[in-house]
Amino acid sequence: MQNDKKRKLNYAQAINEAMFCAMEQDESVICFGLGVDDPKRIFGTTSGLKERFGPERVFDMPTSENAMTGVGIGASFNGIRPVMTHQRLDFFLLAMDQLVNNAAKWHYMFGGKTSVPIVIRLLIGRGWGQGPTHSQSLQSWFAHIPGLKVVMPATASDAKGLLLSSIFDNNPVIFIEHRWLHNLEGDVPAVDYRIPLGKAQRLRMGEDISIISNSYMTIEALHAIEVLLENGVNCDLIDLRTVSPIDWEMVYSSVKKTGRVLVLDTSVSTCSVASEIVARVSMECFNDLKCAPARLALDDCPTPTSSALTKKFYMGAEDIIVSVGKMLGKKIDISKISMQKAFPHDVPGDWFKGPF
Amino acid sequence: MVEETIARRYSEWKMRCPTHLCTGQEAVAAAVGQVLKKDDFVLSTHRAHGHYLSKGGNLSGMIAEIYGKETGCSRGKGGSMHLIDLDVNFMGSTAIVGGTIPLGVGLGLSIKLKKTDQISCVFFGDAAVEEGVFYESVNFAVLKKLPVLFICENNFYSVYSPLKVRQPEGREIYKLAQAIGCQSEQGDGNNVLEMYNKVSSAVNSMRNGGGPYFFEFKTYRWREHCGHNYDNDLGYRTQEEYNFWKERDPVSIFETFLIKESVITKNEINKIEINIQNELDLAFKFAEDSDFPKDDEAFKDIYAK
Ligand SMILES: Cc1ncc(C[n+]2csc(CCOP(=O)(O)OP(=O)(O)O)c2C)c(N)n1
Ligand SMILES: [Mg+2]
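These protein sequence lines are chains A and B, in that order.
No gaps in the numbering here: position 245 of the first sequence is 245 in the numbering used here, and each next residue is one more.
Just so we're on the same page, the numbering used here is the position in the second sequence counted from 1, plus 356.
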């Protein structure tokens with residue numbers, strides 16, 4: 001491995017590298033979950049771990065999400081740092097009790113004497129008919145619970161740096177990966193580096209409008225911003241990195257500069273992380289706003305399965321461009337971006353052949 | 357035949373949803389389906405095609421659902437993992453492991469409240485008994501003596517994870533149910549006649565207030581966990597094991613038996629197969645010819661009227 005800034009890894013490999021890095025340096029880090037040592041290795045994110053660190057620290061588990069979350073929490077009381085993995089966020093819902101009543105409360109309800117340093121990796125599915133029970137973006141459920149941190153990396157290098165910080169954080173961290181990000185490449189340094197939780201990142205600098213985004217929506221935003229730039233619109237793109245806690249300082253300073261804010265989210269709209277941002281920005285930056293804040297998230301509706309029904313279901317670069325245009329009173333041609341799509345709408349690229 | 361036709365045509369990439377085929381495990385659904393009456397209730401899992409069809413579920417509705425068409429049994433909202441046919445009391449299948457077990461118990465409670473002699477049957481796999489909800493559900497069914505028929509299809513795997521990494525060695529799943537106080541038996545999941553006889557006598561007693569019954573039937577999935585291919589190349593199960601089970605193909609074993617006992621001739625079997633193939637061809641044509649739901653259908657049916 002060379003220590004080269006221009007070293008390319010995809011998001012899944014970056015997660016895998018963070019796991020290696022954490023497990024190498026700290027024997028207390030363990031990794032378990034359904035299929036972590038099976039032939040597919042959670043889309044490659046847990047590849048090689050069992051071979052390198054052994055079956056005591058890397059193991060498959062019974063289909064017992066709630067109990068096994070509790071087991072992870074209990075182990076953490078005695079200095080273990082568990083990284084638990086679920087192939088879909090939806091499967092983890094069985095463990096909400098252990099997460100909310102135990103993991104999130106333990107530090108507080110015992111007067112700050114102990115803590116629960118556990119990481120729970122959850123994957124959001126999309127495409128190929130993932131449907132109502134395999135594609136829910138429930139980040140706001142977790143963000144709603146004081147005591148939890150919620151991380152949603154958008155890029156490969158963030159995935160590595162944020163996972164390392166999550167593992168060595170002394171709090172329960174929900175680490176959410178969007179399935180459509182796993183194959184995206186980026187520059188990932190080989191060294192151990194940590195990206196602080198609770199700090200956002202400005203990915204594009206502009207004065208006309210603030211776009212506040214997370215996870216996969218940030219990729220759509222980057223596409224949209226290219227087109228917007230050609231149309232003379234300069235966007236300030238803030239990728240939240242963690243949706244709890246939120247880096248309010250960066251959000252407010254951006255909105256104060258631009259006077260306009262569009263918030264993107266992968267979830268349904270009502271009571272979303274985006275709702276919270278719109279609310280707080282309205283409260284804190286009211287006098288700076290030149291137009292009403294806007295939010296681009298999904299309609300309040302379960303995910304349909306049929307590929308015919310998902311066509312208009314998700315928000316993408318086109319929708320971002322149209323929304324920004326509306327807020328600036330500009331009509332922007334989106335035909336160019338629509339034409340770029342060379343594959344069916346229900347897959348992220350040629351690499352994705354379903355069914356997961 | 358249904359599953360193998362889906363498998364053959366899946367790579368046309370028109371069935372765009374996660375699809376779990378039950379080839380190799382057909383006998384369990386077939387036997388239980390023969391015992392149950394039309395007004396008995398059935399619930400199932402992600403691997404539901406066999407259960408749906410054995411209950412009398414509409415074939416065209418199922419194929420159209422996998423195609424994501426508006427004529428599908430769930431109007432394209434659910435896909436292969438979420439099937440329903442209320443005409444035959446197939447009450448639904450879902451993708452969350454263990455998720456339908458308490459629902460089966462709830463139907464059992466409703467039967468008791470309404471004082472009918474129906475049965476509520478719920479199918480699930482060997483992984484579902486690892487969920488807490490399994491124990492909680494069986495406990496309640498036993499407590500209230502509900503007419504719930506629990507059918508556990510033990511195919512030894514959950515995705516690529518063998519039983520040995522999930523349950524202690526030597527575990528007999530049916531004994532778990534027994535320990536909770538449920539009448540419980542084990543059987544050969546590839547022997548349709550044996551299962552039919554066992555389940556028949558259990559269901560007779562259940563209809564007369566005998567309380568819940570649990571069956572563990574050992575069987576084997578031939579194709580990959582999800583999708584249309586074979587996956588023995590991945591190395592999570594041995595070729596010997598696979599061959600062992602393939603030689604015990606429940607369909608051909610039963611055919612041979614029926615012919616030997618002169619219940620049916622090879623000719624008659626061929627005729628039945630031709631009829632099924634015709635029905636299947638019609639179902640696929642129906643699915644292909646059906647329209648996709650319109651865009652705005654995605655946002656309908658969120659609340660009941
Ligand atoms: C609560 C939950 N956890 C995990 C999964 C992922 N998953 C989908 S199917 C499956 C296998 C279940 O195995 P089993 O119950 O034995 O049924 P089989 O696939 O063998 O028919 C798993 C683990 C899920 N759908 N729901
Ligand atoms: Mg199984």
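Positions of the beta carbon are idealized from the N, C-alpha and C atoms, including for glycine.
Quick one: is residue 52 of chain A buried, meaning 16 or more other Cβ sit within 10 Å of its Cβ, or exposed? As a working mapping, residue 52 of chain A is identified with position 52 in the first sequence. By the Cβ-count criterion, residue 52 of chain A is exposed, with fewer than 16 other Cβ atoms from all chains shown falling within 10 Å of its own Cβ.
When every heavy atom of ligand 1 is checked, does at least one fall within less than 8 Å of the C-beta of residue 492 of chain B? For the purposes of this step, residue 492 of chain B is identified with residue 136 of the second sequence, where counting begins at 1. Every heavy atom of ligand 1 is 8 Å or more from the Cβ of residue 492 of chain B, so no.
Between the C-alpha atoms of residue 526 of chain B and residue 520 of chain B, what's the straight-line distance to the nearest angstrom? Numbered from 1 along the second sequence, position 170 holds the residue referred to as residue 526 of chain B. Numbered from 1 along the second sequence, position 164 holds the residue referred to as residue 520 of chain B. Approximately 9 Å, taken between the alpha carbons.
What would DSSP say about residue 177 of chain A, mapped onto helix, strand or coil? As a working mapping, residue 177 of chain A is identified with position 177 in the first sequence. Residue 177 of chain A: strand per DSSP, three-state reduction.
Check residue 510 of chain B in the structure and name its three-state DSSP category. Residue 510 of chain B sits at position 154 when you count from the first residue of the second sequence. Residue state, collapsed to three classes: strand.
Using the beta-carbon count (16 or more within 10 Å), is residue 2 of chain A buried or exposed? The count along the first sequence starts at 1 and reaches residue 2 of chain A at position 2. Residue placement at residue 2 of chain A is flagged as unreliable, the pLDDT there being 48, under the threshold of 50; the coordinate-derived value follows with that caveat. Classification for residue 2 of chain A: exposed.
Nearest-angstrom beta carbon gap, residue 280 of chain A and residue 236 of chain A [assumed within contact, 8 Å]: Numbered from 1 along the first sequence, position 236 holds the residue referred to as residue 236 of chain A. Numbered from 1 along the first sequence, position 280 holds the residue referred to as residue 280 of chain A. With 8 Å as the limit, residue 236 of chain A and residue 280 of chain A do not qualify as a contact, their Cβ atoms being about 17 Å apart.
Note down, in chain order, each residue of its chain lying with its Cβ closer than 6 Å to the Cβ of residue 563 of chain B, except the 5 sequence neighbours on either side. The residue labelled residue 563 of chain B in the question sits at position 207 within the second sequence. Counting only Cβ-Cβ distances below 6 Å, and skipping sequence neighbours, we find 473.
Can you tell which of B:407, B:504, B:409 and B:436 has the C-alpha that lies nearest to the C-alpha of residue 304 of chain A? Against the first sequence, residue 304 of chain A aligns to sequence position 304. Checked all of B:407, B:504, B:409 and B:436; the closest Cα to residue 304 of chain A is B:436.
Does chain A have any CB closer than 9 Å to the CB of residue 486 of chain B? The sequence position of residue 486 of chain B within the second sequence is 130, counting from 1. When Cβ-Cβ separations below 9 Å define contact, residue 486 of chain B makes contact with chain A.
Flag residue 39 of chain A as yes if its beta-carbon sits less than 9 Å from any beta-carbon of chain B, otherwise no. Here the question's residue 39 of chain A lines up with position 39 in the first sequence. With a threshold of 9 Å between beta carbons, residue 39 of chain A makes contact with chain B.
Whole angstroms are fine: how far does the CA of residue 252 of chain A sit from the CA of residue 364 of chain B? What you label residue 364 of chain B is simply residue 8 of the second sequence in a count that begins at 1. What you label residue 252 of chain A is simply residue 252 of the first sequence in a count that begins at 1. Taking the straight line from one Cα to the other gives about 56 Å.
Starting from residue 9 of chain A and walking both ways along the beta strand (DSSP E), at which residues does that stretch end? Start at 1 with the first residue of the first sequence, and residue 9 of chain A comes out as number 9. Unbroken beta strand (DSSP E) run through residue 9 of chain A: 8-10.
Check: residue 365 of chain B C-beta below 8 Å from any heavy atom of ligand 2: To locate residue 365 of chain B, count along the second sequence from 1; it is residue 9. Not so, every heavy atom of ligand 2 lies at least 8 Å from the Cβ.
Compare the C-beta of residue 494 of chain B with all C-beta atoms of chain A and state if any pair is closer than 9 Å. If you number the second sequence from 1, residue 494 of chain B lands on position 138. No, residue 494 of chain B lies away from the interface with chain A (no Cβ there is under 9 Å from its Cβ).
Rounded separation between residue 126 of chain A and residue 580 of chain B - CA only: Sequence index remark: in the first sequence, residue 126 of chain A carries index 126 (1-based). Sequence index remark: in the second sequence, residue 580 of chain B carries index 224 (1-based). Cα-Cα distance, rounded: 21 Å.
How many Å lie between residue 267 of chain A and residue 538 of chain B at the Cα? Along the first sequence, read from residue 1 onward, the residue named residue 267 of chain A stands at position 267. Along the second sequence, read from residue 1 onward, the residue named residue 538 of chain B stands at position 182. Distance between the alpha carbons of residue 267 of chain A and residue 538 of chain B: 42 Å.
Per-residue contacts from residue 128 of chain A into chain B (C-beta, under 8 Å): Walking along the first sequence from the start, residue 128 of chain A turns up at place 128. Near residue 128 of chain A (Cβ distances below 8 Å), the residues of chain B are 372, 373 and 374.
Residues of the region 563-593 of chain B with Cβ closer than 7 Å to any Cβ of chain A, in chain order: 582, 583, 590, 591 and 592
At the level of alpha carbons, what is the spacing between residue 410 of chain B and residue 389 of chain B? Counted from its first residue, the second sequence places residue 410 of chain B at position 54. Counted from its first residue, the second sequence places residue 389 of chain B at position 33. In a straight line, the C-alpha of residue 410 of chain B is about 5 Å away from that of residue 389 of chain B.
Any idea what DSSP makes of residue 215 of chain A, helix, strand or coil? As a first step, residue 215 of chain A is located in the first sequence; it is residue number 215 there, counting from the start. Three-state result, residue 215 of chain A: helix.
CB-CB under 6 Å to residue 159 of chain A, same chain, minus the five flanking residues each way: which ones, in chain order? The residue you call residue 159 of chain A lines up with position 159 of the first sequence. Closer than 6 Å at Cβ, skipping near neighbours: 11, 14, 15 and 153.
In chain B, what lies closer than 9 Å to residue 64 of chain A by C-beta? By 1-based counting over the first sequence, the position of residue 64 of chain A is 64. Ordered by position in chain B, the residues that pass the 9 Å Cβ test against residue 64 of chain A are 486, 487, 488 and 522.
Quick check on this structure: which residue in A:184, A:220, A:150 and A:49 has the alpha carbon closest to the alpha carbon of residue 200 of chain A? Counting from one through the first sequence, the residue named residue 200 of chain A turns up at place 200. Of the candidates A:184, A:220, A:150 and A:49, the one whose C-alpha sits nearest the C-alpha of residue 200 of chain A is A:150.
Can you tell me which of the three DSSP states residue 319 of chain A falls into? Counting from one through the first sequence, the residue named residue 319 of chain A turns up at place 319. Correct three-state label for residue 319 of chain A: helix.
With which residues is residue 185 of chain A paired in a DSSP beta bridge? Counting from 1 along the first sequence, the entry for residue 185 of chain A is found at position 185. A:10.
Quick check: is any heavy atom of ligand 1 less than 8 Å from the C-beta of residue 515 of chain B? Sequence index remark: in the second sequence, residue 515 of chain B carries index 159 (1-based). For ligand 1, at least one heavy atom lies less than 8 Å from the Cβ of residue 515 of chain B.
Which same chain residues end up closer than 8 Å to residue 543 of chain B when comparing Cβ atoms and leaving out the 5 residues on each side of it in sequence? Taking the first residue of the second sequence as 1, we reach residue 543 of chain B at position 187. Closer than 8 Å at Cβ, skipping near neighbours: 550, 551, 554, 571, 572, 573 and 574.
If we count the other Cβ atoms within 10 Å of its Cβ and call it buried at 16 or more, is residue 54 of chain A buried or exposed? Translated into positions along the first sequence, residue 54 of chain A becomes position 54. Exposed, because fewer than 16 other Cβ atoms sit within 10 Å of the Cβ of residue 54 of chain A.
To test your reading of the DSSP string, which unbroken alpha helix (DSSP H) runs of 4 or more residues are found completely within the region 509-542 of chain B? Here the runs fully enclosed are 529-536.
Identify the contact partners of residue 653 of chain B in chain A, using a Cβ-Cβ distance below 7 Å as the criterion. For the purposes of this step, residue 653 of chain B is taken as residue 297 along the second sequence, with counting starting at 1. The answer, in chain order, is 309.
Note down, in chain order, all residues in the region 181-212 of chain A with a beta-carbon under 9 Å from any beta-carbon belonging to chain B. So the list is empty, because no residue satisfies the distance condition.
Just to check my reading of the structure: residue 311 of chain B and residue 482 of chain B have Cβ atoms closer than 8 Å, yes? What is that Cβ distance to the nearest angstrom? Only positions 357 to 661 of chain B appear in this structure, which leaves residue 311 of chain B out of reach.
Which bits of chain B does residue 74 of chain A rub up against, with CB to CB less than 7 Å? If you number the first sequence from 1, residue 74 of chain A lands on position 74. Those do not exist, as residue 74 of chain A stays about 16 Å from chain B at its closest Cβ, beyond 7 Å.
What residue does the alpha helix (DSSP H) around residue 625 of chain B start on, and which one ends it? One-based indexing of the second sequence puts residue 625 of chain B at position 269. That run of the alpha helix (DSSP H) goes 622-645.
Using a beta-carbon distance cut-off of less than 8 Å, what residues from the region 302-329 of chain A approach chain B? 302, 304, 305, 306, 307, 308, 309, 310, 311, 312 and 313
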